[in-house]
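Student: Start counting the sequence shown at 1; every next residue gets the next number (full-length UniProt numbering).
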Amino acid sequence: MKPHQNGIAAILDIASSELDHQLTTEQEQNKDELLNIIQNYLNLEATYEQSCEAFIALGMQTDTLDKIHEIKTVEEAPLPSIENQDENSHKKSRPWSPIEDNRLLAGILRYGLDNWSTVAMFVGNDRTRAQCSQRWSRGLNPRISKDTWSTEEESLLLRLIQQFGDKSWTKIASLLGNRSDVQCRYHYHQINKNSQTLQFGSAPSQPISNIGILNIFLLK
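1. From what residue to what residue does the alpha helix (DSSP H) around N36 run?
2. With DSSP as the reference, label N165 as helix, strand or coil.
3. Is DSSP giving L113 helix, strand or coil here?
4. Using the DSSP secondary-structure output, state which residues sit across from L175 in a beta bridge.
5. Between S145 and R179, what straight-line distance do the alpha-carbon atoms span, to the nearest angstrom?
6. Going by other Cβ atoms of all chains shown within 10 Å of its Cβ, with 16 needed for buried, is E75 buried or exposed?
7. Sort out for me which residues DSSP pairs G124 with in a bridge.
8. Helix, strand or coil for W149? Go by DSSP, reduced to three states.
9. For I72, which three-state DSSP category applies?
10. Can you give me the Cβ contacts of K171 inside the same chain, cut-off strictly under 6 Å, excluding the 5 residues immediately before and after it?
11. Taking 8 Å as the CB-CB limit, is D126 close to chain B?
12. Over the uninterrupted alpha helix (DSSP H) stretch that includes S180, give me the two end residues.
13. Could you please give the first and the last residue of the uninterrupted alpha helix (DSSP H) stretch that includes A10?
14. Helix, strand or coil for K2 per DSSP?
15. Compute the Euclidean distance between the alpha carbons of H69 and A130, then round it to the nearest angstrom.
16. Looking at the secondary structure, which residues open and close the alpha helix (DSSP H) in which S133 lies?
17. Below 8 Å, how does it come out for the segment 147-155 and the segment 98-116: are there three or more Cβ pairs, yes or no?
18. What residue range is occupied by the uninterrupted alpha helix (DSSP H) comprising S51?
19. For N194 and S117, what's the separation of their Cα atoms in angstroms?
20. What separation, rounded to the nearest whole angstrom, lies between the Cα atoms of K220 and G7?
21. Nearest CA to the CA of N100: which residue from L140, L113 and D63?
22. How big is the Cα-Cα spacing for Q61 and S16?
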């Protein structure tokens, strides 16, 4: 089966993130070439063995390529449903296992980022389309930043909230590009909380940029 194009892009992001952790300073100059090797492998233009040889020719270990190979070669059969599962347990949040994560990434590679129902069926284990989408966007997507918010990010967040309101978090997160919907909602609430604290003359509970505070007052 030919992989989905935006699925390939998503898995290349995973590979890029893995290489960032693996490459030494001297090896960073090879990153683009290594990603091209992985892309050719994902596009079925080279075999796994040929790709390994290309990595080794550049003096690289194949750890990242091995991880991508593991995703690409996941079995087609979905994980079985959970036995003896009642309605209440179905609604409870279940941690994702490494096997499920791998199946999710394999499903994304096959079906892309716009077909979550099919991806969920591929994953199995009674995972829903919403759970699969959220696991990617909130946990596995390497583009999601865990760093402290910059003043530029805060300013853009507030402009987007002004444009779309404080309920359209999925839309706002997609336009920010490097933050999840949960991160956007939580950070906005923190800005609000700290702006209210400043009005009463107390120190904020956590550092929020002056530009962020200024903008929140301008929005009111």
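All C-beta atoms in this analysis are idealised placements derived from N, C-alpha and C, irrespective of residue type, glycine included.
The structure displayed is predicted, hence computed values, not measured ones.
Tutor: Taking the definition as stated:
1. DSSP places N36 in the uninterrupted alpha helix (DSSP H) bounded by K31 to L42.
2. Looking at the sequence provided, one finds Gly at residue 165 rather than Asn. Coil.
3. Per DSSP, reduced to three states, the secondary structure at L113 is coil, with no helix or strand assignment.
4. Beta-bridge analysis with DSSP links L175 to no other residue.
5. Going by the C-alpha atoms only, they are around 6 Å apart.
6. It counts as exposed.
7. Answer by DSSP bridge pairing, in chain order: L79.
8. It is coil, neither helix nor strand.
9. It is Lys, not Ile, that sits at residue 72 in the sequence shown. Correct three-state label for K72: helix.
10. The answer, listed in chain order, is F164.
11. The displayed structure is made up of one protein chain only, and chain B is not part of it.
12. First-last for S180: undefined, no H or E at that position.
13. Segment Q5 to Q22, the alpha helix (DSSP H) holding A10.
14. K2 falls in the coil class under three-state DSSP.
15. H69 and A130 have their C-alpha atoms some 26 Å from each other.
16. Run containing S133: R129 to R135, per the alpha helix (DSSP H) assignment.
17. Touching, no, given that fewer than three Cβ pairs across the two stretches are closer than 8 Å.
18. It spans Y48 to A57 - the alpha helix (DSSP H) in which S51 sits, taken as one unbroken run.
19. Approximately 40 Å between the Cα atoms of the pair.
20. A caution first: K220 carries a pLDDT of 40, below 50, which makes its placement in the model too unreliable to give a value.
21. The identity of residue 100 in the sequence shown is Glu, whereas the question assumes Asn. Put simply, of L140, L113 and D63 the residue whose alpha carbon is nearest the alpha carbon of E100 is L140.
22. Going by the C-alpha atoms only, they are around 15 Å apart.
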